[in-house]
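K.L.:
Residue numbers (mature numbering (1 follows the signal peptide of the UniProt record, and there is no 0)): -27 to -1, 1 to 280.
Below is the structure:
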C-alpha cells in the first residue's frame, strides 16, 4: 500500500514538474527583453524581482491579478525600486506588504520548483525528490516584505520622484549570487556622463505588448541628454536620467514589467547604481529612450531610511 501511494505521488509530481517547465526549451531560449540577452546567475547579484500575488480588484474582489516589478539590493535588508509599483488607485491597492515577495539570487522563473504554491501542493513528499540544499536555496531566494517607504515627494500624476525603499523581513545572506550594489558617490557630479554605455536588467516583456519574461534579461544603453527624453515624452526631467536609443533601425528598449529595475554604470569603484527605471515606450519597429530616477539625487533620503 505504501509503495502504491509513493508511486502515485511520484507520478503526480512528475506531471507537475512537466507542467512547470517552459513549453519547448529551444523556443524559450529565444526570448529576449526587447533587443536584450540572457545572463548567468551571479553576474548582477543585486538584481531583485518584486512580485505581488492575488491582488483583488476593488470593484470585484473575486477577480485577482499578479504584478511584478524590478528592484535593486542596496543593503542586506533594503531594496530600492519604483514608487508607482505600490500604487493605490480606483482599481487596485498595492500597498499591502503581505501581498509582496522579493526574490534575489536567481534569474530564471521558468520552473515552479521555488513557487510557494508548489511547496504547498506536494507537501511532505518534497524530500523524496529534491536535494535539500536546493530547497534551502529556494527559501533563501524568497523574502517577505516588511515595510514599503515611498519617497515623500512622489507625485503619482506627474511621476516626479518615482522612487521607493522596500524593507525585507530579514537580512539576506551575502554570497556570490546575492550582494548589495555600490551606491554612487555624492561628490561625483558627472556620474553617469553623457554617452557612457550602461546596463539595465530585469524581467520585463520580450516584445511590444508582450507578457513579462520568466528569464531575466540585460540590455546595454547609452546615457543621453535629458533634452531628448524631455522632447520625446514632453515631461519634466528633474532628478532624472535619459538613457537608450531613439532609432528606427534598432529595437532595444525596456518594456512592461521592468519598472524599478536598476541602471548600472562603471565607475572607479566598479559597477555603480545610477538610476531606477521609471518608464519607457515600446514599439514594434523602433527603439525609444527610457527614463530613470537619478539615484545620486536621493542619497540623503536613502541613507536616512536604511540607517
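By construction, the Cβ of each residue, glycine as well, lies at the ideal position given by its N, Cα and C atoms.
Predicted model only: the values in this text are computed from it and were never measured.
Under 8 Å between the Cβ atoms of residue 135 and residue 25?
P.N.:
Result no, Cβ atoms of residue 135 and residue 25 do not sit closer than 8 Å.
K.L.:
Which same chain residues, not among the five before or five after residue 168, have their C-beta less than 7 Å away from its C-beta?
P.N.:
Taken in chain order, the residues that qualify are 195, 196.
K.L.:
Terminal residues of the continuous beta strand (DSSP E) containing residue 68?
P.N.:
No beta strand (DSSP E) holds residue 68; DSSP gives it neither H nor E.
K.L.:
Relative to the C-alpha of residue 198, which residue among 211, 189, 192 is closest?
P.N.:
Per the Cα distances, 211.
K.L.:
Using only alpha-carbon positions, find the residue among 62, 81, 218, 201 that is nearest to residue 130.
P.N.:
The candidate whose alpha carbon is nearest that of residue 130 is 62.
K.L.:
Tell whether a beta-carbon distance below 8 Å holds between residue 149 and residue 18.
P.N.:
In contact: residue 149 and residue 18 (Cβ atoms closer than 8 Å).
K.L.:
Roughly how many angstroms lie between the CA atoms of residue 93 and residue 172, to the nearest whole one?
P.N.:
Confidence at residue 93 is low in this model, with a pLDDT of 38, below 50, so the placement of that residue should be treated as unreliable; the coordinate-derived value is given next. Each residue's alpha carbon lies about 37 Å from the other.
K.L.:
Let's see if you can read the secondary structure: which residues bound the alpha helix (DSSP H) around residue 51?
P.N.:
Per DSSP, residue 51 belongs to no alpha helix (DSSP H); it is in the beta strand (DSSP E), 51 to 54.
K.L.:
Just checking, does the segment 117 to 128 make contact with the segment 138 to 149 on the three C-beta pairs under 8 Å criterion?
P.N.:
The segment 117 to 128, when compared against the segment 138 to 149, does touch it at the 8 Å Cβ threshold.
K.L.:
Could you tell me whether the Cβ atoms of residue 157 and residue 245 are closer together than 8 Å?
P.N.:
Yes, the Cβ-Cβ distance between residue 157 and residue 245 is below 8 Å.
K.L.:
Roughly how many angstroms separate the alpha carbons of residue 37 and residue 31, rounded to a whole number?
P.N.:
The straight-line gap from Cα to Cα measures roughly 10 Å.
K.L.:
Less than 8 Å between the beta carbons of residue 52 and residue 40, yes or no?
P.N.:
For residue 52 and residue 40, no; Cβs fall outside 8 Å.
K.L.:
Quick one: grab the DSSP three-state call for residue 207.
P.N.:
Residue 207: coil per DSSP, three-state reduction.
K.L.:
Beta carbon of residue 248, beta carbon of residue 23: below 8 Å?
P.N.:
Taking 8 Å as the Cβ cut-off, residue 248 and residue 23 do not qualify as a contacting pair.
K.L.:
Taking just the CA atoms, how far does residue 126 sit from residue 69?
P.N.:
Rounded to the nearest angstrom, the two C-alpha atoms are 20 Å apart.
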